[in-house]
Amino acid sequence: MSGYTDHYSKIELLKNGTLSLKDNVRFIINKIKKHSHLNCYTFVSEESALRNAFVIEQKIKKGNHGTLAGMVISVKDVIAVKDMPMSCCSAILGEYIPSYNADAVERLIAEDAIIIGKTNCDEFAMGSSNEYSIHGPVLNPYDNSRVAGGSSGGSACAVAAGLCDASLGSDTGGSVRQPAAFCGIYGLRPEYGSVSRRGLTSFASSLDTIGPMATNYSDILKILNVIGKKDTYDSTSRKSVPKGEKKIRSVGFPEELKPLLHQEFFKKSAGKFLKLLEDAGIDVKFPSIPLLEFSNEVYYVIANAEAASNLSRFDKIRYGKTSGATHSSGSLDKIRTALFGAEVKRRIMSGNFILSSGYSEKYFEKAAKIRRLITNSLLEALEICDILVTPTTPGTAFLLGQKRENPVSMYDADIYTTPASLAGLAALHIPLEMGKNSGLPFGIQIICRNSDLRSLTGIIEIYNQGKDR
Ligand code: GLN
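Here the sequence shown is numbered in the numbering used here, starting from 5 and rising by one per residue.
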C-alpha cells in the first residue's frame, strides 16, 4: 500500500492518482493498531488525520499544496500539538492538553503535513532506553526483547516500523540520534538554535533541540527546510538553516577514538564507512579532540542542573487537571514525590545539589569551563576537516531491563552523542547495515555545521553505492 520510498516519490504517486492520501492515512492508522504491542504511540489522532488527508488531497489535485503535502508525521510527547494530550510521559502532567502548537509543528502543518499523533518517550526526555515512561517501554521493532533507545524511542520505532513517514524528536544529549541508531533510521540533531524551542518542554535549555527522524535523508532535509526557521518568540532561535551545497573533501575521525577502529563493532561501522570515503578520494584525517572522554560527565552536570531548575514549574497545579492541591496546603512535596518517576527525581536531586552554594563552583562552573574547551576543540577539528565521523553508540540495542536499574550504565550509552550537544553542533545518525548475526541495525554519526548538512547527501551516496561491492 505504501509504494513510496521518500516524500518525493509519495507526492508523485499522489499527484498522478496512483495513491489516495485518505487510503494511505487509513492504512497507516490500521498498521498502528496492528502494531500496538510496540507501544510507540501515546495518542493517535484518527479523525483529524483523515479530515486533513481529505483537504490536502484536494489541494494536491488543484496544485496549490505545501512542500510537505501528505507527509504523515508523528510528534514526540514533549512537543506541543494543539488539542492532543501531552503528558511528557509523566504522571505529573497527566491529561494536559495544550491549546497551541509548537513552532516546529505549526510550520509542518502550514506545509500540509499530517500530524498523526504523539509518540512515547522517556519521562521529560530523560533516559536512553524509553523505559522511564509512564506509558511503559517501547519495543525495538527488530527484536521485541530489546529497547528502541531513548529518549525519542517511540518516534524511532514508529518510523522504523512504517507507522508514520517521519517523526519529530527532541535531542538534548542524543535522544534523536541514539534511538535512530537502535532502530536503523536517520536522526538529525540540527545546530542549537536553528529550530525554535517554542512548544518543546524544557529539559536542559542550553542543549535542547528539536530534530527530524526518517527512513531516508531526503525527508530529513525536507523537514529541516521547513522547521529550521527563525522564530521571534524564542530568543535562542537563530537565522534559518543555510541553503547551498559544497563538496565534502575531508572527514575527520577523532585521534582519541582511533583504537575503536580495531574493535569488531566499530570496524564494521565507522571503519568501513571511512574506507569507502577514502576510496572515493576524500581525505581521512585524525584530528585530536583531547577532552572528548569527559563529555558525558560534563553533560550530566549541566543537563541535570538545568533540568532541576526547569522542572520546578511542575506541581500539578499550573498544568493538567489539578488534584485539588494548592501551594498553601503544604502538599507540593508530596505531589512531586508521588508523581515524578525515579529517574526524574534523581536528576532533580543531583541538579539541585550541583547548583547549591559551595558546590556550584566545584561542579557547575567547572563543567561549564570544560564544555567551552570541548566546544573549541570540536570547532578546531572542523577547521582541519569538513565533517567529523564518530560512532553514534557503543553498541547495538540492549535488552529490556538490562540497564534500567543501573543509571550510570544507562548514561554510558550517550558517550558519543553528548560532545556535539555540548558544542551546539549539528549531528546526524546514518544507518549503515543490519548485523548479519544479531539482525540489529548499526550505523555512524556525522558531526558538522548546519551549512554542511546538504552536502552529506553525496557522502551517503558514496557509502550506499560502495557497501555491497
Ligand atoms: N540520554 C540522555 C539523557 O538522559 C539524553 C536525553 C535527551 O537527549 N533528551 O540525558
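Glycine included, every Cβ here is placed at the ideal spot set by N, Cα and C.
Taking the Cβ atom as the reference point for each residue, do G215 and V109 lie within a distance shorter than 8 Å?
-> As a first step, residue 215 must be located in the sequence shown, where it is residue number 211. As a first step, residue 109 must be located in the sequence shown, where it is residue number 105. No, they are not a contact pair.
Verify whether the separation of the beta carbon atoms of E259 and E297 is less than 8 Å.
-> As a first step, residue 259 is located in the sequence shown; it is residue number 255 there, counting from the start. As a first step, residue 297 is located in the sequence shown; it is residue number 293 there, counting from the start. Taking 8 Å as the Cβ cut-off, E259 and E297 do not qualify as a contacting pair.
Check whether the Cβ of M130 lies closer than 7 Å to any heavy atom of the ligand GLN, and answer yes or no.
-> Counting from 1 along the sequence shown, the entry for residue 130 is found at position 126. Within the cutoff, so yes.
CA nearest to the CA of Y420, picked from I339, V348 and V302 = Taking the first residue of the sequence shown as 1, we reach residue 420 at position 416. It is V302.
Looking only at C-alpha atoms, which of F58, G178 and Y221 sits nearest to N468?
-> As a first step, residue 468 is located in the sequence shown; it is residue number 464 there, counting from the start. It is Y221 whose Cα lies nearest to the Cα of N468.
What residue range is occupied by the uninterrupted alpha helix (DSSP H) comprising V412?
-> Translated into positions along the sequence shown, residue 412 becomes position 408. Here the alpha helix (DSSP H) through V412 covers P411 to Y415.
Closest Cβ-Cβ distance between A165 and chain B: below 8 Å?
-> Although the question refers to chain B, the structure presented lacks it and comprises just one protein chain.
Near V76, what residues of its chain come up, given a Cβ to Cβ distance below 6 Å and the 5 sequence neighbours on each side ignored?
-> Here residue 76 refers to the residue found at position 72 when the sequence shown is read from its first residue. Cβ within range, chain order: I32, I118, I120, C168 and D169.
Any non-hydrogen atom of the ligand GLN within 7 Å of A307 CB | Position 303 of the sequence shown, counted from the first residue, corresponds to residue 307. Yes.
Just curious, the beta strand (DSSP E) that A129 is in, first and last residue?
-> Taking the sequence shown and counting its residues from 1, the one referred to as residue 129 is at position 125. Premise fails: A129 is in no beta strand (DSSP E) and is neither H nor E.
At which residue ranges does the stretch 77–122 contain complete alpha helix (DSSP H) runs of 4 or more residues, listed in the order of the chain?
-> 107–114
Compute every distance between the C-beta of F207 and the non-hydrogen atoms of the ligand GLN, then say whether any falls below 7 Å.
-> One-based indexing of the sequence shown puts residue 207 at position 203. F207 Cβ: within cutoff of the ligand GLN.
Residue from Y45, F58 and F207 whose Cα sits closest to the Cα of A165 | Walking along the sequence shown from the start, residue 165 turns up at place 161. The candidate whose alpha carbon is nearest that of A165 is Y45.
Could you spell out where the alpha helix (DSSP H) holding R340 opens and where it closes?
-> Position 336 of the sequence shown, counting from 1, holds the residue named residue 340. Unbroken alpha helix (DSSP H) run through R340: L336 to L343.
Kindly identify the DSSP beta-bridge partner or partners of P480.
-> The structure shown has nothing for residue 480, since the chain only spans 5 to 473.
Using DSSP with H/G/I as helix, E/B as strand and the rest coil, what is G215?
-> Taking the sequence shown and counting its residues from 1, one reaches residue 215 at position 211. G215: strand per DSSP, three-state reduction.
Tell me, please, which residues DSSP counts as bridged to N144.
-> Position 140 of the sequence shown, counted from the start, is the residue given in the question as residue 144. N144 pairs with D147.
Under a Cβ-count criterion, where at least 16 other Cβ atoms within 10 Å of its own Cβ denotes burial, should E409 be classed as buried or exposed?
-> Numbered from its first residue, the sequence shown carries residue 409 at position 405. It is exposed - the Cβ of E409 has fewer than 16 other Cβ atoms within 10 Å.
Cα-Cα separation, S244 to K226 = Numbered from 1 along the sequence shown, position 240 holds the residue referred to as residue 244. Numbered from 1 along the sequence shown, position 222 holds the residue referred to as residue 226. Distance between the alpha carbons of S244 and K226: 13 Å.
If you compare alpha carbons, which of Y323, T400 and K279 is closest to A84?
-> For this step, residue 84 is matched to residue 80 along the sequence shown. It is Y323.
So does T176 have its beta carbon nearer than 7 Å to some heavy atom of the ligand GLN?
-> Taking the first residue of the sequence shown as position 1, residue 176 is located at position 172. Within the cutoff, so yes.
Does the Cβ of S155 lie closer than 7 Å to at least one heavy atom of the ligand GLN?
-> Position 151 of the sequence shown, counting from 1, holds the residue named residue 155. Result yes, Cβ under 7 Å from the ligand GLN.
Quick check: the stretch 170–186 against the stretch 144–161, are there 3 or more CB pairs under 8 Å?
-> yes
Does the ligand GLN have a heavy atom nearer than 7 Å to the CB of D418?
-> Along the sequence shown, one-based indexing puts residue 418 at 414. True, at least one ligand heavy atom lies under 7 Å from that Cβ.
D235 to S78, Cα distance in whole Å?
-> For the purposes of this step, residue 235 is taken as the residue at position 231 of the sequence shown. For the purposes of this step, residue 78 is taken as the residue at position 74 of the sequence shown. When rounded, the distance between both Cα atoms is 22 Å.
Beta strand (DSSP E) containing K542: first to last residue?
-> Outside the displayed span of the chain (5 to 473) sits residue 542, for which this structure offers no information.
Across which residues does DSSP place V255 in a beta bridge pair?
-> The residue given as residue 255 occupies position 251 in the sequence shown. In DSSP, V255 forms a bridge with V288 and I391.
Indicate whether A57 and V29 have their beta-carbon atoms separated by less than 8 Å.
-> Along the sequence shown, one-based indexing puts residue 57 at 53. Along the sequence shown, one-based indexing puts residue 29 at 25. Yes, Cβ-Cβ distance for A57 and V29 is below 8 Å.
Member of K440, I450, T341 and P411 whose CA lies at the smallest distance from the CA of E135 | Taking the sequence shown and counting its residues from 1, the one referred to as residue 135 is at position 131. The option with the nearest alpha carbon to E135 is P411.
Would you mind stating whether I492 and A185 have Cβ atoms separated by less than 8 Å?
-> Any question about residue 492 goes unanswered here, given that the chain covers just 5 to 473.
Nearest-angstrom beta carbon gap, S381 and P246 [assumed within contact, 8 Å] = As a working mapping, residue 246 is identified with position 242 in the sequence shown. As a working mapping, residue 381 is identified with position 377 in the sequence shown. Rounded, the Cβ-Cβ distance is 24 Å, inconsistent with contact.
Can we count S354 as close to the ligand GLN, meaning its CB is less than 7 Å from some heavy atom?
-> The sequence position of residue 354 within the sequence shown is 350, counting from 1. Because no heavy atom of the ligand GLN lies under 7 Å away, the Cβ of S354 does not count as near it: no.
Between the CA atoms of K271 and S24 - distance to the nearest angstrom | Numbered from 1 along the sequence shown, position 20 holds the residue referred to as residue 24. Numbered from 1 along the sequence shown, position 267 holds the residue referred to as residue 271. When rounded, the distance between both Cα atoms is 44 Å.
Contact test: S179 Cβ vs the ligand GLN heavy atom, cutoff 7 Å = Taking the first residue of the sequence shown as 1, we reach residue 179 at position 175. Indeed, a heavy atom of the ligand GLN lies less than 7 Å from the Cβ.
What is the rounded straight-line gap between the Cα of E347 and the Cα of G131?
-> Taking the first residue of the sequence shown as position 1, residue 347 is located at position 343. Taking the first residue of the sequence shown as position 1, residue 131 is located at position 127. Rounded to whole angstroms, E347 to G131 spans 8 Å at the Cα level.
Answer with buried or exposed for G67, where buried requires no fewer than 16 other C-beta atoms within 10 angstroms of its C-beta.
-> Indexing the sequence shown from 1 puts residue 67 at position 63. Counting Cβ neighbours within 10 Å, G67 comes out exposed, since fewer than 16 surround it.
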